[in-house]
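J.: Residue numbers (the numbering used here), protein chains in the order written: chain F, 519 to 617; chain R, 28 to 519.
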Amino acid sequence: MITKELLLKIAKLAHISVPESETTEFMNNLSSIFGYMEKLESVNVANVEPMSHVLGATNVLRADEVTPSLPVEEALQNAPDSSGRFIRVPIIIDSGVEH
Amino acid sequence: MTNLSSLSLTEMRDGLDSKKFSARELTSSSLKGAENLKGLNAFIEMASESALKAADEADIAMKRGSSTSRPLLGIPVAIKDMILTRGLKTTCASKILANFIPPYDATVTQRLKDAGAIVVGKTNLDEFAMGSSNENSAYGVVQNPWDTSRVPGGSSGGSAAAVAAGIVPVALGTDTGGSIRQPASFCGVVGIKPTYGRVSRYGVVAYASSLDQVGPIARNVRDAAKITKILAGNDKADATSSALRVTDYEAVLGREIKGLKVGIPKEYFIKGLNSEVEESVKAAIAQLISAGAEAVEISLPTTEVALSVYYVLAPAEASSNLSRYDGVKFGYRASGTKDLKELYSKTRSEGFGKEVKRRILIGTHVLSTGYYDAFYLRAQKVRKLIYEDFQRAFSSCDVIACPTAPSTAFKIGEKASDPLEMYLSDIFTIPVNLAGLPGISVPCGFDRAGLPIGLQLIGRQFEEETLFKVAYAYESSTQWHKKVPPVFAASK
Chain F
519 MITKELLLKI AKLAHISVPE SETTEFMNNL SSIFGYMEKL ESVNVANVEP
569 MSHVLGATNV LRADEVTPSL PVEEALQNAP DSSGRFIRVP IIIDSGVEH
Chain R
28 MTNLSSLSLT EMRDGLDSKK FSARELTSSS LKGAENLKGL NAFIEMASES
78 ALKAADEADI AMKRGSSTSR PLLGIPVAIK DMILTRGLKT TCASKILANF
128 IPPYDATVTQ RLKDAGAIVV GKTNLDEFAM GSSNENSAYG VVQNPWDTSR
178 VPGGSSGGSA AAVAAGIVPV ALGTDTGGSI RQPASFCGVV GIKPTYGRVS
228 RYGVVAYASS LDQVGPIARN VRDAAKITKI LAGNDKADAT SSALRVTDYE
278 AVLGREIKGL KVGIPKEYFI KGLNSEVEES VKAAIAQLIS AGAEAVEISL
328 PTTEVALSVY YVLAPAEASS NLSRYDGVKF GYRASGTKDL KELYSKTRSE
378 GFGKEVKRRI LIGTHVLSTG YYDAFYLRAQ KVRKLIYEDF QRAFSSCDVI
428 ACPTAPSTAF KIGEKASDPL EMYLSDIFTI PVNLAGLPGI SVPCGFDRAG
478 LPIGLQLIGR QFEEETLFKV AYAYESSTQW HKKVPPVFAA SK
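Okay, structure coming up:
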């Protein structure tokens with residue numbers, strides 16, 4: 519059900535690489551899990567509204583006022599690589615990243 | 028002064044206030060217990076230095092005045108390592124956050140601290156709260172204090188083990204599909220998942236945002252009620268938190284349950300349910316009847332599909348929530364990458380464990396083009412049906428009673444190789460999260476191997492009072508919560 523091709527496509531979307539040695543295991547696990555989910559196909563959902571929030575709440579707004587926030591030094595404390603007020607990352611432009 | 032840490036929260040408060048022992052003695056006992064029982068692997072990180080410092084401060088404060096405005100003053104607590112603690116490493120049991128030190132406290136952490144609690148350490152869990160056995164942690168398996176060859180349950184296995192082993196009277200857990208209730212059941216302690224939105228999720232690392240809730244694991248119902256009251260209430264920092272007033276959960280304890288209707292869902296008592304679990308739970312229900320409650324058979328026909336709905340929705344939400352772990356702003360960053368894309372991929376592949384990857388892949392698939400309608404949208408509609416099932420049921424009963432888990436604690440490694448088999452342990456807890464209802468697990472017996480069994484009570488949204496009232500009424504007529512696991516002797 520979950521082919522290797524599909525697994526690798528999903529992995530690419532998720533930005534996770536699945537090594538060759540693990541593809542069979544993931545394929546089998548995912549296939550059995552999706553197989554179990556086939557139960558959902560037989561449920562009658564005609565005229566049923568999708569439920570994404572159990573409390574039926576709507577957007578909570580606040581006034582557009584600036585309030586104290588984390589100081590930059592604290593916010594950058596966990597940065598793997600930073601320089602001044604910036605976080606440093608490998609090259610982005612000309613790297614073949616899809617847009 | 029041995030084993031002070033195994034007292035209940037209420038006993039600790041009384042002991043501190045009547046000067047039977049000091050906060051330093053109490054916290055020291057807790058830290059000593061954690062050290063003596065480190066084989067359980069219940070903790071990922073201890074905060075010994077800051078805890079003892081806070082204990083000394085608590086002793087000074089208690090000398091100056093009473094603890095009435097700070098009910099947890101001097102009380103040692105533990106926090107699941109999925110919840111942010113300022114200055115104290117928070118890993119979510121993952122390699123990807125191995126060195127993450129939060130710059131702020133979660134609201135629940137802040138509320139405990141404001142009440143005077145002393146955080147002694149961060150408890151172990153299944154990585155990113157994904158699991159039902161605490162075998163998915165990057166920091167090792169947690170052992171069940173009742174039988175160390177068995178799992179404590181998950182994902183809040185460390186918290187349940189720490190409370191059951193008498194290291195702390197209370198530990199915070201999180202529950203997305205049963206992760207507070209099921210380990211509480213496996214470890215013979217009380218665990219409550221409040222109504223969705225009752226407790227703030229600010230600073231609680233997100234797994235599935237429409238399902239996650241924080242709750243206490245404690246030695247008895249009164250202690251759980253005390254903590255829930257402190258944690259609950261609106262938080263401006265969490266847009267999904269409810270503005271509904273929090274009532275005094277402790278005040279209802281001891282009230283009668285005469286005439287209360289207890290719904291027994293017929294779909295939960297079928298073949299495949301462990302016979303000893305069934306026996307104990309039925310005996311517990313009979314106990315409630317003899318206290319004046321009335322049993323009503325109810326039907327929850329969507330029970331059969333609840334697991335499928337959960338394993339579409341939760342992974343979908345997780346795939347979105349965990350996309351922030353990309354090695355850029357915080358957490359683990361892979362080395363030797365030539366561009367940003369490779370940075371993302373290598374970081375995540377090296378940083379995440381197998382189960383986390385599995386769920387991200389499932390979630391990514393069900394949200395992708397061509398599959399979204401058949402999976403995600405359909406699951407959301409079936410979720411609505413599950414919600415409506417419970418609404419209908421609650422028109423003929425006030426509280427629902429059933430087993431918390433289909434079995435008692437299984438052996439470490441027994442289900443680890445079959446993810447689907449593992450998922451089935453949450454079959455009775457998952458529907459509660461999907462419908463946003465509150466659910467509590469209380470000890471209701473032991474099987475022939477001496478393993479704890481849990482009774483689950485499910486209430487209407489925001490009716491935590493009813494849950495505590497009924498749970499207390501049941502607990503008062505039993506001695507299960509007073510029994511201690513064999514490891515206690517070693518913790519002295």
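Even glycine gets a Cβ: it sits at the ideal position worked out from N, Cα and C.
Here the structure is a predicted model, which is why all the values come from computation and not from measurement.
Can you list, in chain order, the residues of its chain whose CB lies under 8 Å from that of Cys-471/R, leaving out five sequence neighbours each side?
T.: Ser-307, Val-308, Ala-310, Ala-311, Ile-480, Gly-481, Leu-482, Tyr-501, Thr-505, Trp-507, listed in sequence order.
J.: Asn-565/F: which of Ile-454/R, Val-469/R, Val-409/R sits nearest, CA to CA?
T.: Minimum Cα distance to Asn-565/F is reached at Val-409/R.
J.: Taking the alpha-carbon positions, what's the Ile-502/F to Ile-194/R distance?
T.: The structure shown does not extend to residue 502/F, since chain F is modelled only from 519 through 617, so no value can be given for it.
J.: Starting from Asp-202/R, find everything on chain F with Cβ-Cβ shorter than 7 Å and list it in chain order.
T.: Correct list: empty, because the minimum Cβ distance to chain F is about 14 Å.
J.: Looking at C-alpha atoms only, which residue of Thr-54/R, Met-39/R, Asn-151/R, Pro-98/R is the closest neighbour of Lys-65/R?
T.: Lys-65/R has its Cα closest to that of Asn-151/R, out of Thr-54/R, Met-39/R, Asn-151/R, Pro-98/R.
J.: So with Cβ pairs under 8 Å, would you call Gly-230/R a contact of chain F?
T.: Answer no: the Cβ-Cβ gap between Gly-230/R and chain F never drops below 8 Å.
J.: Determine the direct distance from the alpha carbon of Val-323/R to that of Thr-117/R, and round the result to whole angstroms.
T.: So the alpha carbons of these two residues sit roughly 45 Å apart.
J.: Mind listing which residues of the stretch 521-533 of chain F have their C-beta closer than 7 Å to chain R's C-betas, in chain order?
T.: Cβ contacts with chain R come from Ile-528, Ala-529, Leu-531, Ala-532, His-533.
J.: Against chain R, with Cβ distances strictly below 8 Å, would Glu-538/F count as a contact?
T.: No - not a single Cβ of chain R is within 8 Å of the one on Glu-538/F.
J.: What is the rounded straight-line gap between the Cα of Phe-402/R and the Cα of Val-339/R?
T.: Those two C-alpha atoms are separated by around 7 Å.
J.: Give a yes or no on whether the minimum CB-CB distance between Val-624/F and chain R is below 8 Å.
T.: As shown, chain F starts at 519 and ends at 617. That puts residue 624/F outside it, with no answer to give.
J.: Please check if any C-beta of chain R sits within less than 8 Å of the C-beta of Ser-601/F.
T.: Taking Cβ atoms only, chain R never reaches closer than 8 Å to Ser-601/F, which makes this a no.
J.: What separation, rounded to the nearest whole angstrom, lies between the Cα atoms of Val-146/R and Glu-62/R?
T.: When rounded, the distance between both Cα atoms is 15 Å.
J.: Helix, strand or coil, according to DSSP, for Ser-159/R in the structure here?
T.: Ser-159/R: coil per DSSP, three-state reduction.
J.: Which residue spans inside the stretch 407-465 of chain R form an unbroken alpha helix (DSSP H) run of at least 4?
T.: Within the stretch 407-465 of chain R, the complete alpha helix (DSSP H) runs of at least 4 residues are 446-450, 457-461.
J.: Can you name, in chain order, every residue of its own chain whose Cβ lies under 6 Å from the Cβ of Asp-41/R, other than the five neighbours on each side?
T.: Contacts found: none.
J.: Quick one: measure Cβ to Cβ for Ser-164/R and Asp-153/R, integer angstroms, because I've assumed they're closer than 8 Å.
T.: Rounded, the Cβ-Cβ distance is 6 Å, consistent with contact.
J.: Does the beta carbon of Ser-182/R come closer than 8 Å to any beta carbon on chain F?
T.: Answer no: the Cβ-Cβ gap between Ser-182/R and chain F never drops below 8 Å.
J.: Rounded to whole angstroms, what's the CA-CA distance from Asn-348/R to Lys-381/R? Just pull it up for me.
T.: Taking the straight line from one Cα to the other gives about 17 Å.
J.: Does the CB of Val-563/F have a neighbour CB from chain R at under 8 Å?
T.: Yes, Val-563/F lies at the interface with chain R (some Cβ there is under 8 Å from its Cβ).
J.: Report the residue ranges of all beta strand (DSSP E) runs contained in full by the stretch 495-519 of chain R; include only those spanning at least 3 residues, in chain order.
T.: Qualifying beta strand (DSSP E) stretches: none in this window.
J.: Looking at chain F, which residues of the stretch 353-365 of chain R have a Cβ within less than 8 Å of any of its Cβ atoms?
T.: Taking 8 Å as the Cβ-Cβ cut-off against chain F, the residues of the stretch 353-365 of chain R that qualify are Asp-353, Gly-354, Val-355, Lys-356, Phe-357, Gly-358, Tyr-359, Arg-360, Thr-364, Lys-365.
J.: Lys-80/R to Leu-34/R, Cα distance in whole Å?
T.: Lys-80/R and Leu-34/R: Cα-Cα distance of roughly 21 Å.
J.: For Val-393/R and Leu-573/F, what's the separation of their Cα atoms in angstroms?
T.: In a straight line, the C-alpha of Val-393/R is about 24 Å away from that of Leu-573/F.
J.: List the endpoints of the continuous alpha helix (DSSP H) containing Glu-305/R.
T.: Taken as a continuous stretch (DSSP letters only), the alpha helix (DSSP H) holding Glu-305/R covers 302-317.
J.: Tell me which residue opens and which closes the alpha helix (DSSP H) that Met-73/R is part of.
T.: Element bounds for Met-73/R: not the alpha helix (DSSP H) but the beta strand (DSSP E), 70-73.
J.: Excluding the 5 residues flanking Thr-222/R on each side, which residues of the same chain have their C-beta closer than 6 Å to its C-beta?
T.: Result list for Thr-222/R: Pro-465, Gln-488, Phe-489, in chain order.
J.: Quick check on the burial criterion: 16 or more other C-beta atoms within 10 angstroms. Buried or exposed for Phe-604/F?
T.: Answer is exposed; the Cβ neighbour count stays below 16.
J.: Where does Met-28/R sit, in a helix, a strand or coil, going by DSSP?
T.: Low per-residue confidence applies at Met-28/R: pLDDT is 44, beneath 50, and the placement is therefore not dependable enough to give any value.
J.: Using a C-beta to C-beta distance shorter than 7 Å, which residues of chain F count as neighbours of Gly-463/R?
T.: Those are Val-572, Leu-573, listed as they occur along chain F.
J.: Could you check what DSSP says for Gln-209/R in three-state terms: helix, strand or coil?
T.: Helix, per DSSP.
J.: How would you call Ser-32/R, buried or exposed, if buried means at least 16 neighbouring beta carbons within 10 angstroms?
T.: The residue in question, Ser-32/R, is buried, as its Cβ has 16 or more Cβ neighbours within 10 Å.
J.: If you reduce the DSSP assignment to three classes, tell me which class Cys-214/R lands in.
T.: If DSSP states are grouped into helix, strand and coil, Cys-214/R belongs with the helices.
J.: Using the Cα positions of Gln-407/R and Ser-350/R, report the straight-line distance between them to the nearest angstrom.
T.: Going by the C-alpha atoms only, they are around 21 Å apart.
J.: Out of curiosity, what's the CA-to-CA distance linking Thr-54/R and Thr-37/R?
T.: About 15 Å.
J.: Starting from the N-terminal side, write out each stretch of the alpha helix (DSSP H) that is 4 residues or longer and does not extend beyond the stretch 37-77 of chain R.
T.: As far as the stretch 37-77 of chain R is concerned, its whole alpha helix (DSSP H) runs of at least 4 residues are 50-63.
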